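Peer 1: Per the working numbering, the very first residue in the sequence shown carries number 5; after that it's consecutive.
Don't be surprised by glycine CBs; every beta carbon is placed ideally from N, CA and C.
Predicted model only: the values in this text are computed from it and were never measured.
Quick one: this structure, given as structure tokens, is what I'll be asking you about.
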Amino acid sequence: MAGEALGSGVTFAERLGWKANDVVVILHVDDVGMSHSSNLGAIEATEKGVARSFSIMMPCPWVSEISRYLKAHSAADSGLHLTLTSEWQIYRWGPLAGKSQVPGLVDIEGCLWHTVQEVATKAAPDEIEREIRAQLDRTVTQRIPIMILD
5 MAGEALGSGV TFAERLGWKA NDVVVILHVD DVGMSHSSNL GAIEATEKGV ARSFSIMMPC
65 PWVSEISRYL KAHSAADSGL HLTLTSEWQI YRWGPLAGKS QVPGLVDIEG CLWHTVQEVA
125 TKAAPDEIER EIRAQLDRTV TQRIPIMILD
């Protein structure tokens, strides 16, 4: 039957508390941690019920601010946005593992590549793993409360 969760007979909408045939739009705020204003926007949107959740982009400079918010608001629905790119032209960030540890992930500015294609053609798999582990480690170091789903 269309719309059913695999093997359960229950639709995803029903698992979220809606009726099986309800049409539901769930808004999610992405790229939190990029700036103070993106953090404030995510907080306001979720607290006022406009958006349901947000995800934190771990290599960004304002992660510490949103981490402090989450420690005080543990019921907030948040997740991680692990990233290997930094697509903006003048606002950029580098890898958390450090440029010397993941040289294939950085451009001449020492920032993560602009595009996924550049990452795919220039970074080695072990560098990608090292950077993802560094981003996960920052989550632990910052004590960002996250829920791990099975």
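Might you give, ordered along the chain, the residues of its own chain that have their beta carbon closer than 7 Å to the beta carbon of Cys64, omitting 5 neighbours on each side?
Peer 2: Result list for Cys64: Gly37, Met38, Trp97, in chain order.
Peer 1: Leaving aside the five residues before and after Val123 along the sequence, list all residues of the same chain whose C-beta is less than 7 Å from its C-beta, in chain order.
Peer 2: Counting only Cβ-Cβ distances below 7 Å, and skipping sequence neighbours, we find Leu88, Thr89, Leu109, Trp117.
Peer 1: For the candidate residues Ile30, Ile150, Leu86, whose alpha-carbon lies nearest to that of Arg137?
Peer 2: When each option's Cα is compared against that of Arg137, the closest is Leu86.
Peer 1: Taking Cβ positions, are Arg134 and Gln93 nearer each other than 9 Å?
Peer 2: Taking 9 Å as the Cβ cut-off, Arg134 and Gln93 do not qualify as a contacting pair.
Peer 1: Less than 8 Å between the CB atoms is what I'm expecting for Gly83 and Ile150, so what's the real figure, rounded?
Peer 2: Right, their Cβ atoms sit about 7 Å apart.
Peer 1: Leaving out the 5 sequence neighbours to the left and right, which residues in its chain are closer than 7 Å to Gly13 when beta-carbon positions are compared?
Peer 2: Taken in chain order, the list of residues that qualify is empty.
Peer 1: Whose C-alpha, out of Thr143, Glu91, Gly53, is nearest the C-alpha of Val2?
Peer 2: A question about residue 2 goes unanswered here, because the residues of the chain that appear run from 5 up to 154.
Peer 1: Which first and last residues belong to the alpha helix (DSSP H) in which Ser78 is found?
Peer 2: No alpha helix (DSSP H) holds Ser78; DSSP gives it neither H nor E.
Peer 1: Could you check what DSSP says for Leu116 in three-state terms: helix, strand or coil?
Peer 2: In this structure, Leu116 counts as strand in the three-state DSSP scheme.
Peer 1: Helix, strand or coil: how does DSSP classify Ala6 here?
Peer 2: Residue placement at Ala6 cannot be trusted, given a pLDDT of 45 that sits under 50; the coordinates are not used to answer.
Peer 1: From Thr143 to Pro99, what distance separates their C-alpha atoms?
Peer 2: Going from the Cα of Thr143 to the Cα of Pro99 covers about 14 Å.
Peer 1: Drop a sphere of 10 angstroms on the beta-carbon of Phe58, count the other beta-carbons inside from all chains shown, and report buried for 16 or more, exposed for fewer.
Peer 2: Buried is the call here.
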